[in-house]
Amino acid sequence: MNHDERAFLTHAAAQAMNYLDSLSERHVGATAGADDLMKLLGGPLPGASTAPLETIGLLARAAAEGGVVASSGPRYFGYVVGGTLPVAVAADWIATAWDQNAGIFDLGPAVATAEHVAAGWLVDLFGLPAGTTVGFPTGCAMAHMTALAAARHHVLARAGWDVERFGLQTAPTLNIVVGAQRHLTVDLALRYLGFGTEQLHVVPADAEGRLQAGELEGLLAGLDGPTIVIAQAGDVNSGAIDPIAEICEVAHRHDAWVHVDGAFGLWAAASPKLRHLVAGVERADSWATDAHKWLNVPYDCGLVFVAHPQAHQSAMLHTRADYLPPGTPGERDSIEWVPELSRRARSLPVWAALRSLGRSGVAEMIEGCCDHAQRFVRAFDGEPQVEIVNEVVLNQVLVRFGDDDAITRGVIARLQAGGECWFGETVWGGRVAMRVSITSWRTTAQDMDRTIAAIRVALDETLRAAGKAN
Ligand SMILES: *Cc1c(COP(=O)(O)O)cnc(C)c1O
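Numbering of the sequence shown is given in this note's numbering, commencing with residue 2 and proceeding in unit increments.
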């Protein structure tokens with residue numbers, strides 16, 4: 002590397018660290034709009050080259066001008082995003098610098114080995130059956146697609162149908178059973194696999210969003226042929242967890258495959274204190290979760306687990322072109338476990354996070370977020386203008402302010418504009434609610450107190466503006 006290249010990359014690293022340094026004090030939401038950012042980043046494709054330093058400088062300005070959301074900071078509570086552990090950021094930088102094609106062992110033995118090791122650690126951490134196979138796709142949506150492709154293979158093979166050879170168009174009918182409050186990515190993955198939304202059998206959910214297992218028995222008894230049941234650990238709004246043990250019991254009695262959407266909720270299994278919430282989860286056939294949410298690694302990294310290795314492998318790449326090396330035992334080729342061929346070493350930050358946190362560190366990170374959720378609930382206990390509308394079992398809180406949707410919307414708008422913290426909005430039980438999702442290792446008790454104080458001010462101002470002040 003010549004002097005200029007080293008100086009430039011050092012400068013870029015410093016620029017990135019300045020951003021990380023600013024995380025806890027910068028305006029949390031974005032303040033720049035598409036027009037501002039187009040002025041900065043757009044224009045016609047330059048005819049001639051410019052210095053890399055100048056190009057990267059434009060990105061520093063995009064951040065300085067409010068074009069970046071501090072979603073990995075300590076007071077971002079929107080969606081379910083997670084932050085980034087410094088060790089995972091560092092491993093991600095190294096993955097980029099190494100630029101391995103992480104699809105095949107021969108193209109990157111160190112990253113393939115780290116992925117193999119991380120896969121084993123994760124199966125252990127979640128208490129999944131020995132022999133469970135693991136893939137690292139881009140996110141939970143692609144984890145669903147991978148797991149459900151394995152499920153499709155497995156249940157159709159049992160019905161005497163080879164779906165990889167003969168496709169779906171003349172295959173036996175495959176029944177797919179889902180809960181009413183499933184995440185939208187379940188439908189997305191099913192659509193990619195050839196199953197339309199109108200073909201799904203939907204089991205009603207209770208007020209917390211849990212699939213009503215009592216309804217499952219009757220439904221399955223009325224279905225004939227290969228069946229997949231999809232359960233959820235961690236509703237994206239309420240955090241509610243389906244009665245997974247009961248679902249597995251009923252579904253397996255009917256020879257159905259059980260897939261679990263545990264995008265963030267599966268992480269409860271990694272905590273001795275919280276594991277009871279997902280009791281029986283190890284009895285499912287496949288699981289999808291994210292590392293980029295609660296494990297706090299940078300985007301993008303999902304995780305898929307399948308308890309039937311042969312189904313998993315058959316559903317992914319099961320023929321090798323002549324130019325690819327044959328698989329060698331003990332040498333992981335990730336192309337066998339995910340839909341992609343060429344891919345970045347996104348599992349390297351996962352390996353680094355697990356290696357650095359250890360079992361207790363992971364558990365503490367998960368439990369800490371749940372403790373913060375309880376602190377939030379306690380802070381507003383007994384306040385007439387604040388209503389916690391869900392049963393807070395994990396890291397998700399749904400809250401309403403005042404006595405109509407407009408007050409709740411008003412509080413959210415004031416908080417977003419204030420920049421101290423950021424919350425999104427949802428509709429729960431037909432009413433508007435503010436979503437609180439706590440998934441960042443950076444969030445401290447002080448951040449929670451600061452956030453709670455900001456909410457009190459925003460609520461006061463909103464009530465006063467609406468002429469409803471006490
Ligand atoms: C976030 C989420 C997903 C989708 O995950 P991606 O990583 O965005 O693909 C699926 N299910 C649940 C419950 C989620 O919270």
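Think of the CB as a built atom: it goes at the ideal place given N, C-alpha and C, for glycine as much as any other residue.
Nearest neighbour of residue i, chosen from the options [CA to CA]
| i | options | result |
| --- | --- | --- |
| ALA214 | ASP188, ILE248, PHE196, ILE456 | ILE248 |
| VAL230 | LEU267, ASP256, GLY359 | ASP256 |
| SER357 | LEU38, LEU86, PRO75 | LEU86 |
| ALA208 | GLY226, LEU224, GLN182, GLY197 | GLN182 |
| ALA144 | SER287, GLY79, ALA467, CYS370 | SER287 |
| GLN314 | ALA364, GLY43, GLU165 | GLU165 |
| ARG76 | ILE453, THR444, VAL305 | THR444 |
| LEU41 | LEU59, GLY48, GLU55 | LEU59 |
| PRO385 | LEU267, PRO330, ALA470 | ALA470 |
| GLY281 | ASP243, PHE306, HIS12 | ASP243 |
| ASN238 | ARG211, GLU55, GLU250, GLY359 | ARG211 |
| VAL204 | ALA190, ILE177, PRO327 | ILE177 |
| GLN170 | GLY197, MET39, ASP37, GLU421 | GLY197 |
| PRO130 | ILE95, VAL307, TYR324 | VAL307 |
| ASP405 | ARG432, GLY383, ALA418 | ARG432 |
| TRP94 | VAL378, ALA271, THR11 | THR11 |
Presumed contact (8 Å Cβ cut-off) between residue i and residue j, rounded CB distance
| i | j | result |
| --- | --- | --- |
| VAL88 | ALA322 | Not confirmed; about 37 Å, so no contact. |
| VAL82 | LYS294 | 7 Å |
| PRO299 | GLY226 | Contact doesn't hold; Cβ gap of about 42 Å is too wide. |
| ARG415 | ALA459 | 4 Å |
| SER73 | SER441 | 7 Å |
| ARG27 | ALA71 | 5 Å |
| ARG159 | ALA316 | Contact flag wrong, Cβ pair sits at about 14 Å. |
| LEU464 | GLY403 | 6 Å |
Range covered by the alpha helix (DSSP H) that runs through residue i
| i | result |
| --- | --- |
| ARG379 | 348-380 |
| HIS155 | 141-159 |
| THR186 | 185-193 |
| ARG62 | 53-65 |
| ILE453 | 446-466 |
| HIS28 | First-last for HIS28: undefined, no H or E at that position. |
| HIS313 | 310-316 |
| VAL485 | Any answer about residue 485 is impossible in this case: the structure gives the chain only from 2 up to 471. |
| LEU10 | 4-23 |
| LEU217 | 215-222 |
Test item: CB-CB of residue i and residue j under 7 Å
| i | j | result |
| --- | --- | --- |
| ALA148 | THR186 | no |
| TRP338 | GLY30 | no |
| ALA252 | THR290 | no |
| THR114 | PRO310 | no |
| GLU426 | ILE413 | yes |
| ARG401 | ALA434 | yes |
| LYS274 | GLU392 | no |
| PHE127 | ARG333 | no |
| THR139 | ASP301 | yes |
| VAL124 | TRP258 | no |
| ALA33 | GLY67 | yes |
| SER348 | GLY104 | no |
Residue i: first and last residue of the uninterrupted beta strand (DSSP E) it sits in
| i | result |
| --- | --- |
| ASP291 | 287-291 |
| THR1 | There is no way to answer for residue 1, as the model of the chain reaches only from 2 to 471. |
| GLN397 | 397-402 |
| ALA232 | 228-233 |
| THR427 | 425-429 |
| THR133 | From DSSP, THR133 is part of no beta strand (DSSP E); its letter is neither H nor E. |
| VAL390 | Taken as a continuous stretch (DSSP letters only), VAL390 belongs to no beta strand (DSSP E), as it is neither H nor E. |
| HIS260 | 258-262 |
| ARG345 | Per DSSP, ARG345 belongs to no beta strand (DSSP E) and is neither H nor E. |
| ALA434 | 432-438 |
| GLY303 | 303-307 |
| VAL203 | 201-204 |
Residue i versus residue j - alpha carbon distance
| i | j | result |
| --- | --- | --- |
| LEU220 | HIS202 | 8 Å |
| PHE381 | VAL387 | 7 Å |
| MET449 | LEU296 | 20 Å |
| ALA151 | LEU194 | 11 Å |
| THR97 | ARG345 | 8 Å |
| ALA120 | GLY136 | 8 Å |
| ILE389 | THR409 | 12 Å |
| VAL363 | VAL394 | 18 Å |
| ILE336 | ALA64 | 36 Å |
| ALA292 | ASP5 | 36 Å |
| ALA269 | ASP372 | 13 Å |
| GLY278 | SER361 | Per the sequence shown, the amino acid found at residue 278 is Leu instead of Gly. Whole-angstrom Cα-Cα distance: 18 Å. |
| ARG436 | GLN233 | 19 Å |
| ASP461 | GLY79 | 22 Å |
| PRO327 | ALA285 | 31 Å |
| VAL112 | GLU283 | 28 Å |
| VAL90 | ALA454 | 31 Å |
| VAL378 | TRP429 | 17 Å |
| GLY109 | LEU224 | 47 Å |
| ARG276 | THR320 | 39 Å |
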